[in-house]
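Worksheet: one structure, shown below.
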Amino acid sequence: IGVASAMAAAMLAYATGASLEATEVAATIALEHHLGMSCDPVGGFVLIPCIERNAFGALKAYNAYLLATNEITSQHWEDLDRVIMAMLETGRALPTPFKEMGTGGLGITMVDC
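Okay, structure coming up:
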């Protein structure tokens, strides 16, 4: 969801004529706010919570676009490359039950759904 949100934020910025720097910042903001999210489908299906998370990812993309195009981008502290590296580190550190296995988080606490 984070990568898709970052791509959508960058697309919004680029399509509206934002600078390349603002476009990168939009992607960075969207991605950095998805780091560490578990993928814990209930019953192995993607209905809960995945579809709702996709909707929130779209909202985060729009908000990231707004932030990036309305701030002084040179004052943004992170850059996309460092956030991508953080995503890799986070993914490696995330326990297996939270990696689309349905064996952790909501995947085991909402079994009655």
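What the sequence shown shows, in UniProt numbering, is residues 1 to 113, in sequence order.
Ideal placement from N, C-alpha and C gives every residue a C-beta, glycine not left out.
Owing to the predicted nature of the structure, the values given are computational and were not obtained by experimental measurement.
Item, Value
"Could you please give the first and the last residue of the uninterrupted alpha helix (DSSP H) stretch that includes Met11?", "Gly2 to Ala15"
"Pull the bridge partners of Cys39 from the DSSP assignment, please.", "Lys99"
"Quick check: the Cα distance between Leu67 and His34, rounded to an integer number of angstroms?", "16 Å"
"Please report the straight-line C-alpha distance between Thr103 and Ala8, rounded to a whole angstrom.", "30 Å"
"Please return the same chain residues whose Cβ sits closer than 6 Å to the Cβ of Ala27, not counting the five positions on each side in sequence.", "Ala6, Ala9, Ala10 and Leu80"
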